[in-house]
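J.: So for the sequence shown, our numbering puts the first residue at 215; every next one is plus one. Just so you know, even glycine gets a beta-carbon here, dropped at the ideal spot from N, CA and C. Mind having a look at this structure? Questions to follow.
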Amino acid sequence: MQVRWAFEEVGQPYDVRLVSFGGMKQPAHLALNPFGNIPTYEEGDLALFESGAIVLHIAVRHGGLLPDDANARARAVAWMLAAYSTVEPPILERATAVILERDAPWHDERLPLVDDRIRKRLAELSRYLGDCDWLDGAFSAGDLHGGRAAPAAAIGTAERIP
Ligand SMILES: N[C@@H](CCC(=O)N[C@@H](CS)C(=O)NCC(=O)O)C(=O)O
215 MQVRWAFEEV GQPYDVRLVS FGGMKQPAHL ALNPFGNIPT YEEGDLALFE SGAIVLHIAV
275 RHGGLLPDDA NARARAVAWM LAAYSTVEPP ILERATAVIL ERDAPWHDER LPLVDDRIRK
335 RLAELSRYLG DCDWLDGAFS AGDLHGGRAA PAAAIGTAER IP
């Protein structure tokens, strides 16, 4: 989602190639992404994986996703990394628990602990954001990645977070 969103923000056209779950594990896709997942990105001789790396590449090449000011730009990158390494992990943990570990004997006991970790992160994010629309002044790639917290709302763990 982030890659398409980034292209929309910078107003650049793009082509989408859909890959099946099986196709992701085939040699042709593994050559683009050693972990056999999506998204991947191809542009001329360049092949990239990891959505953060792809969005950063798009943001560096096209205006509109990173501020010109060096300090603001550094903060936008910090928010991108915070989304992946601080906010998102407990959310992914919950997805794994619900989808893959539902039948485990410890599932019911573990889920509330994971939910608490999600609520804590979203509360911290919410407190920082306050009444602001964006994380650091104008919209940036940092907000685009912060939007990855949205699935938490979809699975009902963000109900108490404004
Ligand atoms: N950190 C990676 C995560 C990639 C990832 O887990 N993608 C999921 C879809 S959102 C996927 O391909 N899952 C299928 C699989 O791993 O087999 C990124 O942001 O690009």
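Report yes if the C-beta distance between Leu-262 and His-271 is below 9 Å; otherwise report no.
T.: Their beta carbons are under 9 Å apart, which means Leu-262 touches His-271 by this criterion.
J.: How long is the line joining the alpha carbons of Arg-231 and Pro-248, rounded to whole angstroms?
T.: 18 Å
J.: Tell me which same chain residues have a C-beta within less than 6 Å of the C-beta of Ala-367, skipping the five on either side of it?
T.: Any reading at Ala-367 must be qualified, since the residue scores a pLDDT of 43, below 50, and its modelled position is unreliable; no value is offered.
J.: So, helix, strand or coil for Ala-318, using DSSP?
T.: coil
J.: Whose CA, out of Tyr-255, Gly-360, Glu-323, lies closest to the CA of Ala-296?
T.: Of all alpha-carbon atoms in Tyr-255, Gly-360, Glu-323, the one lying nearest the alpha-carbon of Ala-296 is that of Gly-360.
J.: Sort Asp-345, Glu-257, Arg-331 by Cα distance to Val-301 and report the nearest one.
T.: Arg-331
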